[in-house]
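Trainee: Pasting a structure below so you can have a look.
2 protein chains.
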Amino acid sequence: MSTPTAAICLIGDELLSGRTRDINVQHIAGFLGPYGIPVEEVRIVPDVQARIVEAVNALRERYTYVFTTGGIGPTHDDITADAIAAAFGVGIGKHPDVMAMLQARYDEIGTEFTEARQRMARIPDGASLIENPVSGAPGFQTGNVFTLAGVPSIVQGMLQDIGHRLERGVPVRSLTVRSAGLREGDVAEKLSRLNEELEGVSLGSYPWFRSVTDHGVALIARSTDEAKLREAGEKLVALVSGVGRESEVIEGEAS
Amino acid sequence: MSTPTAAICLIGDELLSGRTRDINVQHIAGFLGPYGIPVEEVRIVPDVQARIVEAVNALRERYTYVFTTGGIGPTHDDITADAIAAAFGVGIGKHPDVMAMLQARYDEIGTEFTEARQRMARIPDGASLIENPVSGAPGFQTGNVFTLAGVPSIVQGMLQDIGHRLERGVPVRSLTVRSAGLREGDVAEKLSRLNEELEGVSLGSYPWFRSVTDHGVALIARSTDEAKLREAGEKLVALVSGVGRESEVIEGEAS
Chain A
1 MSTPTAAICL IGDELLSGRT RDINVQHIAG FLGPYGIPVE EVRIVPDVQA RIVEAVNALR
61 ERYTYVFTTG GIGPTHDDIT ADAIAAAFGV GIGKHPDVMA MLQARYDEIG TEFTEARQRM
121 ARIPDGASLI ENPVSGAPGF QTGNVFTLAG VPSIVQGMLQ DIGHRLERGV PVRSLTVRSA
181 GLREGDVAEK LSRLNEELEG VSLGSYPWFR SVTDHGVALI ARSTDEAKLR EAGEKLVALV
241 SGVGRESEVI EGEAS
Chain B
1 MSTPTAAICL IGDELLSGRT RDINVQHIAG FLGPYGIPVE EVRIVPDVQA RIVEAVNALR
61 ERYTYVFTTG GIGPTHDDIT ADAIAAAFGV GIGKHPDVMA MLQARYDEIG TEFTEARQRM
121 ARIPDGASLI ENPVSGAPGF QTGNVFTLAG VPSIVQGMLQ DIGHRLERGV PVRSLTVRSA
181 GLREGDVAEK LSRLNEELEG VSLGSYPWFR SVTDHGVALI ARSTDEAKLR EAGEKLVALV
241 SGVGRESEVI EGEAS
């Protein structure tokens, strides 16, 4: 069985300038984990159509699924829908179902459904809609590309309408041994040998260093096989035992 | 004068899996802002040499500067130095100055300078070193590519040894009008017209939506010209006046 894969394309000048710190990668990767779909690449591109088209076309050819975030609101800098249509070489227009749904929504709250708000009904030809339970205006799926909002709470809402469209892989389980006071160099040789010795398990080492007194290493084992993961966990605990100041084991994360 | 540009390549499975939320993009973009060097693209790639080589080569050809983070520690999954050497088609070996510096450092703290720790002295041929005031093991510059650690405090330390190497552009100043209760659709038409009307200023609209009671829009003007920025700010304040519940103006951010 081939493993489905995913890429994420974050769209927005505010992410590149550092004004906004992205959280959508974590939400999307965390959502895909239980489906057994690893995120293999992320790109952040500016609000420039040619750059969005280029990134989306590169990613959709290479990965099973692509998720874009941002740029589908009502303002002049919201150009993602047009960019996706251009990437796929299809037309774009106001989707009648979305027009009717948004009209009803704005009628209900007594707000004018302006020309700008109608921009949010622009959907590439042939795309299917992705429900937005938070603020109404939908995302959409074009081929293997899912176009979502940028606001994190809306992204999380839209993800609820995506799972049923996905092919499943085998979820990777992980086990983390966090060891305060440990330095990577203390265990690097042993860890490298263990990584070669354990079949079907991959080991990673992630140091943290917040201050001279608050530092350590998180050693992570990842595997699709629960028994192998458990064995790796025991060996990691043995490996750090007596080296780091203290350690804790966190089981079963999907990351 | 041509504007220097930058791209960032974040390296690490832990970022793609969602285990770690990146903060280095913000630190690097914030550092480059005052130099007038915009970040125009970010890629996140896994700990796989071919993928790192591909991304770094694509980015270094396109942008004035490339910053990589992650993968230069002592463990088996730290493969960035080798990947950079491969990307540039140069050799790699233990740098004598780094070997001497690390040896002295480990002697001082009474820790063995193991073979694994010596991996941190592996520097691509011809690279210049980037000082690491936090934990010793340096980053390095190869052509227009700066290779930094992944741990945020170390990245921030290393950036202090980079500014003097950079060509400067004209810094972009920004002014933010945050308006609670405002919805993008309330001002989208006027904002679009204002964006066309104001020369040398670019306007962006960034909604937040945390709950039904906590939502609003941040309108941001960006310009290299202080007077034009001030004029744009006044017009933005007038634009949201009486529409949003309340607004505040934040001046002079470099983002």
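Line order of the protein sequences matches chains A and B.
Quick note: the first sequence uses the UniProt record's numbering, first residue 1, plus one each step.
Quick note: the second sequence uses the UniProt record's numbering, first residue 1, plus one each step.
Where is the CB? At the ideal position from N, CA and C, for every residue including glycine.
Do you know offhand how far A/E112's Cα is from B/A7's?
Mentor: Using only the alpha carbons, I get a separation of about 42 angstroms.
Trainee: Residues of the segment 185-215 of chain B in Cβ contact with chain A at a cutoff of 7 angstroms, in chain order, please.
Mentor: Of all residues in the segment 185-215 of chain B, G185, A188, E189, L191, S192, N195, G204, S205, Y206, P207, W208, F209, R210 have a Cβ within less than 7 angstroms of some Cβ in chain A.
Trainee: Select from B/R60, B/S174, B/E54 the residue whose C-alpha is nearest the C-alpha of A/A58.
Mentor: Among B/R60, B/S174, B/E54, the Cα nearest to that of A/A58 belongs to B/E54.
Trainee: Candidates A/V39, A/R19, A/T20: which alpha carbon is nearest A/H27's?
Mentor: Among A/V39, A/R19, A/T20, the Cα nearest to that of A/H27 belongs to A/V39.
Trainee: Take the Cβ of A/A238 as the centre, count every other Cβ of all protein chains shown within 10 Å, and call the residue buried at 16 or more, exposed below.
Mentor: Exposed is the call here.
Trainee: For the segment 121-137 of chain A, which residues have a CB atom closer than 9 angstroms to at least one CB atom of chain B, in sequence order?
Mentor: Hits within the stretch, in order: V134, S135.
Trainee: Is the CB of A/T142 under 9 angstroms away from at least one CB in chain B?
Mentor: Judged by the 9 angstroms Cβ criterion, A/T142 is not in contact with chain B.
Trainee: How big is the Cα-Cα spacing for B/M120 and B/N24?
Mentor: About 21 angstroms.
Trainee: Under 8 angstroms, CB to CB, which of the residues in the segment 82-110 of chain A have a partner in chain B?
Mentor: Residues: none.
Trainee: Please give me, in chain order, every unbroken run of the alpha helix (DSSP H) with length at least 4 that falls completely inside the segment 91-149 of chain B.
Mentor: Runs of the alpha helix (DSSP H) inside the segment 91-149 of chain B: 96-108, 115-118.
Trainee: Could you check the C-alpha separation between A/T114 and A/V98 for me, to the nearest Å?
Mentor: Roughly 14 angstroms between the two C-alpha positions.
Trainee: Sorted by chain position, which residues of the same chain lie with C-beta nearer than 6 angstroms to A/A86's C-beta, five sequence neighbours on each side aside?
Mentor: Excluding positions up to five away in sequence, the list reads V53.
Trainee: Taking CB distances under 9 angstroms as the criterion, tell me whether A/E40 reaches chain B.
Mentor: Yes, A/E40 lies at the interface with chain B (some Cβ there is under 9 angstroms from its Cβ).
Trainee: Along the segment 21-33 of chain A, where does the CB come closer than 8 angstroms to a CB of chain B? Name the residues.
Mentor: So the close ones are R21, D22, I23, V25, Q26, H27, I28, A29, G30, G33.
Trainee: Hey, out of A/G30, A/A50, A/Q118, A/V134, whose CA is closest to A/G163's CA?
Mentor: Of the listed residues, the one whose Cα sits closest to A/G163 is A/G30.
Trainee: For A/G139, which residues of its own chain have a beta-carbon under 6 angstroms away from its beta-carbon, when the five flanking residues on both sides are left out?
Mentor: Contacts found: I130, T147, L148, M158.
Trainee: Among A/P34, A/E41, A/E14, A/G36, which one has its Cα closest to the Cα of B/G33?
Mentor: Here the closest residue by C-alpha is A/E14.
Trainee: With DSSP collapsed to three states, give me the class of A/P207.
Mentor: Three-state result, A/P207: strand.
Trainee: For A/R193 and A/D214, I'd like the C-alpha separation in whole angstroms.
Mentor: If I take the Cα positions, the gap works out to 27 angstroms.
Trainee: So is A/L248 buried or exposed if we call it buried at 16+ other beta carbons inside 10 Å?
Mentor: This sequence places Glu at residue 248 of chain A; Leu is not what is there. Exposed, because fewer than 16 other Cβ atoms sit within 10 Å of the Cβ of A/E248.
Trainee: Thinking A/V56 and A/V145 are a contact (beta carbons under 8 angstroms), I'd like their distance in whole angstroms, please.
Mentor: Yes, they are in contact, since the Cβ atoms of A/V56 and A/V145 sit about 6 angstroms apart, within 8 angstroms.
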